[in-house]
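Below is one structure, written out as structure tokens, with a few remarks after it.
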Amino acid sequence: MNLPAASDQIKVTLIMIPRLKQRAIDFIQRHAVVAGGPEGNDFTFGTLVSALSINSEENGFAKLSAAEKYLGGEVYTSFASLELKPNLEECLAKDNYPLPLTVDREGYHGERHYDFWLSGLLDYCLIKQRASAHGLELAVGSRIFDFGCATGRVLRHFAAQENGIEVWGSDINGRHVEWVRRYLPGKIRAFQSTSLPHLPLEDNYFDCLYAFSVFSHIDLLEHAWLLELRRILRKGGVAYLTVHTENTWKGMKAGDGIYDALVDGNQYIAEYDVTPSFLASPMPKDRMVFTYKTAKTYNSNVFLSTKYLVDVWGRYFDEIVIYPGGHNYQDVVLLKK
Numbered sequence: 036m037n038l039p040a041a042s043d044q045i046k047v048t049l050i051m052i053p054r055l056k057q058r059a060i061d062f063i064q065r066h067a068v069v070a071g072g073p074e075g076n077d078f079t080f081g082t083l084v085s086a087l088s089i090n091s092e093e094n095g096f097a098k099l100s101a102a103e104k105y106l107g108g109e110v111y112t113s114f115a116s117l118e119l120k121p122n123l124e125e126c127l128a129k130d131n132y133p134l135p136l137t138v139d140r141e142g143y144h145g146e147r148h149y150d151f152w153l154s155g156l157l158d159y160c161l162i163k164q165r166a167s168a169h170g171l172e173l174a175v176g177s178r179i180f181d182f183g184c185a186t187g188r189v190l191r192h193f194a195a196q197e198n199g200i201e202v203w204g205s206d207i208n209g210r211h212v213e214w215v216r217r218y219l220p221g222k223i224r225a226f227q228s229t230s231l232p233h234l235p236l237e238d239n240y241f242d243c244l245y246a247f248s249v250f251s252h253i254d255l256l257e258h259a260w261l262l263e264l265r266r267i268l269r270k271g272g273v274a275y276l277t278v279h280t281e282n283t284w285k286g287m288k289a290g291d292g293i294y295d296a297l298v299d300g301n302q303y304i305a306e307y308d309v310t311p312s313f314l315a316s317p318m319p320k321d322r323m324v325f326t327y328k329t330a331k332t333y334n335s336n337v338f339l340s341t342k343y344l345v346d347v348w349g350r351y352f353d354e355i356v357i358y359p360g361g362h363n364y365q366d367v368v369l370l371k372k
């Protein structure tokens, strides 16, 4: 490693055996991080970090009021799938923390701010309900981890509605993590992660971890990520993950976000010619990856068949249960260690 005396960037040179070196170069080129050099192995540290995570140059932060202010707004969220309905008045009273602006929640729920809050409450309740059905009660002393927490849509409820639960979260987007640190309960321990399968967390630590719309975008190192999540789960712990499956494939139609992203982005997708007729046919493979050539990070949509989930993911855990449509148009995969 060379450290130029007068430079804001650290030059990193990979010196590896040829095969390992080529694997690294292939990965780097796939994520568009090569900055130059005659052999394609000389790139800046800053460029590498930017390719492995999302770091906004915007400095300002803003917030909305707490959810109670937006009562009476348009609501799509339904609690019909819950066995025990929450007392919304009590839940609102416990959560007087601000909501993120629409732009700081990646556009989800538009101006339906109360609905955004409700959707997180619903998923918090469903995680507890489904974990309980498989022998795990989340209560005082439990440790939970939100992998891909964004600005705390679900995480805030574990922090606000529960006492005595240890709450952790991570996200690839540094701005999201900073928003959580600034505006949500101080007991939340949030940090920025990268697209490489490493989390700076203890072995066998968490009772429950969950990831919403994360594995639906992991095109590379999927198995390594599964094993990393398995590592930090305690024996008997539960991973609660959402994915696109053939159920998503069969159900999506024009006007749905995932459908329009594939069809409208067809010219930028590397692997397939994504036309309406292509999507109207059965899912052609057990694992389908659609990579957008214009993006460096968070640049793919991934579909996994339920057969693939059972045959491949299932071998890493003692128990696997799939809830079709368990999270809107995605299936929920519950994995028990």
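Using our numbering, read the sequence shown as starting at 36 and increasing by one per residue.
For glycine and all other residues, C-beta sits at the position ideal for the given N, C-alpha and C.
Note that the structure is a prediction, hence the values are computed from the model and not measured.
Query raised in the report: Hey, out of 103, 203, 362, whose CA is closest to residue 113's CA?
Result: Counting from one through the sequence shown, the residue named residue 113 turns up at place 78. Answer by Cα proximity: 362.
Query raised in the report: Where does residue 267 fall in DSSP's three states?
Result: Looking up residue 267 in the sequence shown gives position 232. Looking at residue 267 - three-state DSSP - the assignment turns out to be helix.
Requested in this report: For the stretch 220-285, list the beta strand (DSSP E) runs that are entirely contained and at least 3 residues long, ordered along the chain.
Outcome: The stretch 220-285 contains these whole beta strand (DSSP E) runs: 224-227, 241-246, 268-278.
Query - Sequence-distant residues of the same chain with beta carbon closer than 6 Å to residue 357, five excluded per side - result: Here residue 357 corresponds to residue number 322 of the sequence shown, with the count starting at 1. Excluding residues within five positions, the ones whose Cβ falls inside 6 Å are 341, 366, 368.
Query raised in the report: Beta carbon of residue 188, beta carbon of residue 142: below 8 Å?
Result: Mapped onto the sequence shown, residue 188 falls at position 153. Mapped onto the sequence shown, residue 142 falls at position 107. Not closer than 8 Å, so no.
**Report entry** Buried/exposed call for residue 140, threshold 16 Cβ in 10 Å
**Finding:** Indexing the sequence shown from 1 puts residue 140 at position 105. Classification for residue 140: buried.
Requested in this report: Answer with buried or exposed for residue 119, where buried requires no fewer than 16 other C-beta atoms within 10 angstroms of its C-beta.
Outcome: As a working mapping, residue 119 is identified with position 84 in the sequence shown. Residue 119 should be labelled exposed.
**Report entry** Reduced DSSP secondary structure (H/G/I, E/B, other) of residue 218
**Finding:** Locating residue 218 in the sequence shown gives position 183, where the first residue counts as 1. The answer is helix: DSSP assigns residue 218 an H, G or I state.
Report task. Can you give me the start and stop residues for the alpha helix (DSSP H) that residue 365 sits inside? Result -> Translated into the one-based positions of the sequence shown, residue 365 becomes position 330. Where residue 365 is concerned, there is no enclosing alpha helix (DSSP H), although the beta strand (DSSP E) it sits in stretches over 365-371.
Report task. Count the other C-beta atoms from every protein chain shown that fall within 10 angstroms of the C-beta of residue 295, then say buried if there are 16 or more, exposed otherwise. Result -> Taking the sequence shown and counting its residues from 1, one reaches residue 295 at position 260. Counting the other CB atoms within 10 Å of its CB gives residue 295 a total below 16, which places it among the exposed residues.
Query - Cβ-Cβ separation, residue 149 to residue 111 (assumed contact under 8 Å), whole Å - result: To locate residue 111, count along the sequence shown from 1; it is residue 76. To locate residue 149, count along the sequence shown from 1; it is residue 114. The pair is not a contact, with the Cβ atoms about 11 Å apart (cut-off 8 Å).
Query raised in the report: What's the C-alpha gap between residue 97 and residue 313?
Result: Taking the first residue of the sequence shown as position 1, residue 97 is located at position 62. Taking the first residue of the sequence shown as position 1, residue 313 is located at position 278. In this structure, the CA atom of residue 97 is about 42 Å from the CA atom of residue 313.
Query raised in the report: Mapping DSSP to helix, strand and coil, what is residue 407?
Result: No information on residue 407 is available, as it lies outside the stretch 36 to 372 that the chain covers here.
Requested in this report: Tell me where the beta strand (DSSP E) around residue 360 begins and ends.
Outcome: On the sequence shown, position 325 is the one that residue 360 refers to. Unbroken beta strand (DSSP E) run through residue 360: 354-362.
Query raised in the report: For residue 68, does the three-state DSSP call read helix, strand or coil?
Result: Along the sequence shown, one-based indexing puts residue 68 at 33. Confidence is the limiting factor: at residue 68 the pLDDT is only 43, short of 50, which leaves the residue's position unreliable and the question unanswerable from this model.
Query raised in the report: What residue range is occupied by the uninterrupted alpha helix (DSSP H) comprising residue 293?
Result: Looking up residue 293 in the sequence shown gives position 258. From DSSP, the alpha helix (DSSP H) with residue 293 extends over 292-299.
Requested in this report: Could you please give the first and the last residue of the uninterrupted beta strand (DSSP E) stretch that includes residue 325?
Outcome: For the purposes of this step, residue 325 is taken as residue 290 along the sequence shown, with counting starting at 1. Taken as a continuous stretch (DSSP letters only), the beta strand (DSSP E) holding residue 325 covers 322-326.
Query raised in the report: Straight-line CA distance for residue 136 to residue 213?
Result: Residue 136 sits at position 101 when you count from the first residue of the sequence shown. Residue 213 sits at position 178 when you count from the first residue of the sequence shown. So the alpha carbons of these two residues sit roughly 14 Å apart.
Query raised in the report: Of the residues 157, 99, 178, which one's Cα is nearest the Cα of residue 126?
Result: Within the sequence shown, numbered from 1, the residue matching residue 126 stands at position 91. For the residues 157, 99, 178, the minimum Cα distance to residue 126 belongs to 157.
Query raised in the report: Should the stretch 238-245 be regarded as contacting the stretch 269-286, the criterion being three or more beta carbon pairs within less than 8 Å?
Result: Because the criterion of three Cβ pairs below 8 Å is met, the stretch 238-245 and the stretch 269-286 touch.
Query raised in the report: Tell me the DSSP bridge mates of residue 162?
Result: Here residue 162 corresponds to residue number 127 of the sequence shown, with the count starting at 1. According to DSSP, which records beta bridges pairwise, residue 162 is partnered with nothing at all.
Query raised in the report: So who's on the other strand from residue 203, going by DSSP bridges?
Result: Here residue 203 refers to the residue found at position 168 when the sequence shown is read from its first residue. Answer is 180, 224, bridged to residue 203.
Query raised in the report: Cβ of residue 85 within 8 Å of Cβ of residue 207?
Result: For the purposes of this step, residue 85 is taken as the residue at position 50 of the sequence shown. For the purposes of this step, residue 207 is taken as the residue at position 172 of the sequence shown. Contact: no.
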